[in-house]
Structures are given as structure tokens and as C-alpha cells.
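Report on one structure; see the data block that follows.
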Amino acid sequence: MGHRRRTIETLSVVVLLSLLALPGSVAAQSANRELIDGLEYQLLYVALPLTLFVLLILVYAAVKFHNNDDPQPTTEDPALEITWTAATAIILLFVGLSGYNVLINPYVSPSQSADIDHGQQELDSFADLPETDDREVHVTGYQWEWQASYPGANITTEDEIVIPANESVTIWLTSEDVIHSLFVPALGVKQDAFPGRYTRARTIVYEPGRYNVVCAEFCGAGHSWMEGEIVVLEPDTYEQWLSENEGTVTETPQPS
Ligand SMILES: [Cu+2]
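Following the numbering used here, the numbering of the sequence shown begins with 845 at its first residue and continues without gaps.
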């Protein structure tokens, strides 16, 4: 009896911990993050009941048959086998389609958007890049900083990338030396930056604020402190900042 009680207690703890891991109601900060979070929750809600179902069968079998002195070999059951094969196939198809659906989104994989054929461009400078309908920022990674410039405005910022909220933004990326990777965890943005190439990251950020940027590609001794921030401003504030700050700028305004 003690064993059975312990088993049930263990199971209850597992169930409780699973429930605690369920997402809270924190709104996503960007279009990318919304898609990625949505996918995770979608998969979680399918995986959780399945996990509980399997656990319950396991516990049931262990409790019910642990003292069976006369175990019988399993008999063939084609109907059951076809059922579990088909059920597994349907689940895998669901996982695959859900993931594909997020992957082909033009914010998650901007290289597949209609206006640009290839995400990686072999060009001489930012000026040769194809035009997009987005707000654009040009970002160059080098050992070990991020430098941003703003087309049409003679502004350069170091380790701060300033963009407007609630607008489609394209961040064009390149590198001056080795491969770096712009990673903004809170916004679900991550894109490699290659020397001699131009790659594109896209997002819409919903909330003005400061979001941490790190380099996600080991790039030498200073890699671990190759940090920066995406500064997201209200569109009006952004416009004002662009027009009032011709010339090289290192100070960026505080997001409201
Ligand atoms: Cu780096």
C-alpha cells in the first residue's frame, strides 16, 4: 500500500509542476515573439494531455500488474497497431505543419518575403540593397560592437539600434570582420551577420522600451560582452529624433 501511495504522490507532484509551467498571460512584445510563443503554447497544449495519458497508463499498469505471477505474452492486435500508428502520424503532421506555418512567416524568415528573392545579398554596400516597404536600419557588427546607421538621416549609434514601435522594421546586417549574430531574445529576433554579405531581420515591436541585444555567434575574445540594446520609440518620437539629430549621435532618447 505504501508503494501505491508514493506513486500517486509522485504523480500529483508531476501534474502540479506541469500546470505551473503553463504560460502566464504576458503579452508578446513583437510580431516574431507572438508567432514563436503561439507555436510553443500550441504544441504544449497538445503535448501535455498526451504526456498525462501515457503517465496514467504507466502508473495504472505498474500498480495493477506489479504482483502478477502469471504474465501472458501480448497477442497481436492489428486494429490497435493501425490506430496508434495513424494517431502518431497525425500528431507529427500537426507538429510539422504548425512549425512550418511559423517558419514561412515573412517576419520570422524575411528571406522568403515577396519583395526580396534572397535573404543573403552579395553587394558592395548597404546602398545597393533592394528597397523594402519597411523602416530600415543598417547594422554592422565588428569585434566587438554593433554600429547602426539610419538611411536618409546622417546618424550613427553605437551598441544602440533605434527603431519605431508598431511599424514594420527591416534591420539590414553585415559584418566588418568575422561572423556575428544579432540576437534579441525578448523580441524573438536572431540573424547572422556575415562579412561581405547582407542579411535581413524583420520585426514589428509593439511596446516602446529597451531590449537587450547579444551576439549569438562566437566571434573572439570579446564575444561575451558584445552587447547592445534595441531602443524602441513611439513613431512620433522616432521621427523627431531622426530629424533633430543630423550628424553622429551617441545619445538616444529614453523610450516613454
Ligand atoms: Cu560577435
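Every residue gets a Cβ at the ideal spot worked out from N, C-alpha and C, and that includes glycine. Quantities reported herein were computed from a predicted structural model and do not represent experimental measurements.
Please name the residue or residues paired with residue i in a DSSP beta bridge.
{"i": "residue 1071", "result": "1058"}
{"i": "residue 979", "result": "1013"}
{"i": "residue 1077", "result": "1008"}
{"i": "residue 1003", "result": "In the DSSP output, where bridge partners are listed per residue, residue 1003 has none listed."}
{"i": "residue 1045", "result": "1015"}
{"i": "residue 1037", "result": "1024"}
{"i": "residue 986", "result": "989"}
{"i": "residue 889", "result": "For residue 889, which the question treats as bridged, DSSP gives no partner whatsoever."}
{"i": "residue 997", "result": "994"}
Is residue i near ligand 1 - that is, is its Cβ less than 7 Å away from at least one heavy atom of it?
{"i": "residue 985", "result": "yes"}
{"i": "residue 1061", "result": "yes"}
{"i": "residue 1067", "result": "yes"}
{"i": "residue 910", "result": "no"}
{"i": "residue 1024", "result": "yes"}
{"i": "residue 928", "result": "no"}
{"i": "residue 1085", "result": "no"}
{"i": "residue 1016", "result": "no"}
For residue i and residue j, what's the separation of their Cα atoms in angstroms?
{"i": "residue 852", "j": "residue 909", "result": "16 Å"}
{"i": "residue 876", "j": "residue 911", "result": "53 Å"}
{"i": "residue 1015", "j": "residue 980", "result": "6 Å"}
{"i": "residue 1091", "j": "residue 998", "result": "5 Å"}
{"i": "residue 856", "j": "residue 891", "result": "18 Å"}
{"i": "residue 1111", "j": "residue 926", "result": "In the structure displayed, the chain extends from 845 to 1100; residue 1111 sits before or after that span and is not available."}
{"i": "residue 948", "j": "residue 930", "result": "27 Å"}
{"i": "residue 992", "j": "residue 896", "result": "49 Å"}
{"i": "residue 1070", "j": "residue 1010", "result": "27 Å"}
{"i": "residue 978", "j": "residue 1042", "result": "16 Å"}
{"i": "residue 914", "j": "residue 850", "result": "25 Å"}
{"i": "residue 1063", "j": "residue 1039", "result": "12 Å"}
{"i": "residue 961", "j": "residue 953", "result": "Unreliable placement is indicated for residue 961, whose pLDDT of 49 sits below 50; the coordinate value is still reported in the next sentence. If I take the Cα positions, the gap works out to 12 Å."}
{"i": "residue 987", "j": "residue 1028", "result": "18 Å"}
{"i": "residue 1081", "j": "residue 1034", "result": "26 Å"}
{"i": "residue 1008", "j": "residue 990", "result": "18 Å"}
{"i": "residue 1022", "j": "residue 935", "result": "41 Å"}
{"i": "residue 928", "j": "residue 916", "result": "22 Å"}
{"i": "residue 845", "j": "residue 858", "result": "Residue placement at residue 845 is flagged as unreliable, the pLDDT there being 48, under the threshold of 50; the coordinate-derived value follows with that caveat. So the two alpha carbons sit approximately 20 Å from each other."}
{"i": "residue 942", "j": "residue 883", "result": "7 Å"}
{"i": "residue 969", "j": "residue 950", "result": "23 Å"}
{"i": "residue 880", "j": "residue 906", "result": "38 Å"}
{"i": "residue 937", "j": "residue 1048", "result": "29 Å"}
{"i": "residue 1005", "j": "residue 893", "result": "42 Å"}
{"i": "residue 1044", "j": "residue 861", "result": "39 Å"}
{"i": "residue 1074", "j": "residue 1084", "result": "18 Å"}
{"i": "residue 1149", "j": "residue 932", "result": "Because residue 1149 is not part of the residues shown, which for the chain are 845 to 1100, the question remains open."}
Does any CB atom of chain B fall closer than 8 Å to the CB of residue i?
{"i": "residue 973", "result": "Looking at the structure shown, chain B is missing, and only one protein chain is on hand."}
Check: Given 8 Å as the limit, is there contact between the region 1042-1055 and the region 892-902, that is, 3 or more CB pairs closer than that?
Finding: no
Check: Taking one C-beta from the region 1014-1034 and one from the region 912-924 each time, how about it: are there three or more such pairs within less than 8 Å?
Finding: no
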